[in-house]
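Worksheet for the structure shown next.
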Amino acid sequence: MKPPSMLCSPPKSEMPEYNSIWDSSEQEATEFLVNWYAGNAIDECENYRRFNVLYEQHDTSAAQTPGLMQPDNPKDPKEWMKKYTHIRVTTPARYIVQVEIYEKSKTRPR
């Protein structure tokens with residue numbers, strides 16, 4: 000049985016070309032990681048139910064409002080959820096809000 004996981008990161012041995020991609024283009028490196036993660040999620044679907052990609056555009060001019068969709072800071076600006084229907088893309092701030100809501104819901108009396 001695998002331990003619970005909150006973070007998944009590929010081992011460097013599986014991605015020797017990643018460092019050179021990151022040096023040349025952060026955008027391509029991010030795409031590479033999301034593609035790897037989407038493939039890894041398929042392998043892990045028997046062990047885990049949710050696969051989240053936390054992503055925030057660097058070029059956004061609007062302030063991030065947790066839980067609020069803003070046109071200047073869309074949830075899935077690269078449309079990864081259309082390409083990979085088994086992952087969910089959200090911003091770090093939105094994810095934190097969602098985890099807090101979930102944790103509070105577990106402590107409420109039923």
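With numbering that gives the first Met the number 0 as the guide, the letters of the sequence shown map in order to residues 0 to 109. Glycine included, each C-beta is placed from N, C-alpha and C at the ideal position.
Whether residue i touches residue j by CB criterion (8 Å)
i	j	result
Phe31	Ile86	no
Val88	Val52	yes
Trp35	Pro76	no
Glu43	Pro91	no
One or two residues paired with residue i in a DSSP bridge
i	result
Val52	Val88
Other residues of its chain near residue i: CB distance less than 6 Å, five sequence neighbours each side excluded
i	result
Tyr21	One point to set straight first is that residue 21 is Trp, not Tyr, in the sequence displayed. The residues are Ala28.
Distance cut-off 7 Å: residue i Cβ against heavy atoms of the ligand ATP
i	result
Arg87	In the structure on display, the ligand ATP does not appear, and there are no ligands present to speak of.
Buried versus exposed call for residue i [16 or more other C-beta atoms within 10 Å across all chains shown]
i	result
Ala61	Note that Ala61 has pLDDT 47, beneath the 50 cutoff, so the model's placement of it is unreliable and the number below is only indicative. Exposed, since its Cβ has fewer than 16 Cβ neighbours within 10 Å.
Gln69	Below a pLDDT of 50, predicted positions are generally treated as unreliable, and Gln69, at 48, falls in that range; no measurement from the model is reported.
Arg93	buried
Tyr83	buried
Same chain, Cβ closer than 8 Å to residue i, neighbours up to 5 away in sequence not counted
i	result
Asn39	Cys7 and Pro9
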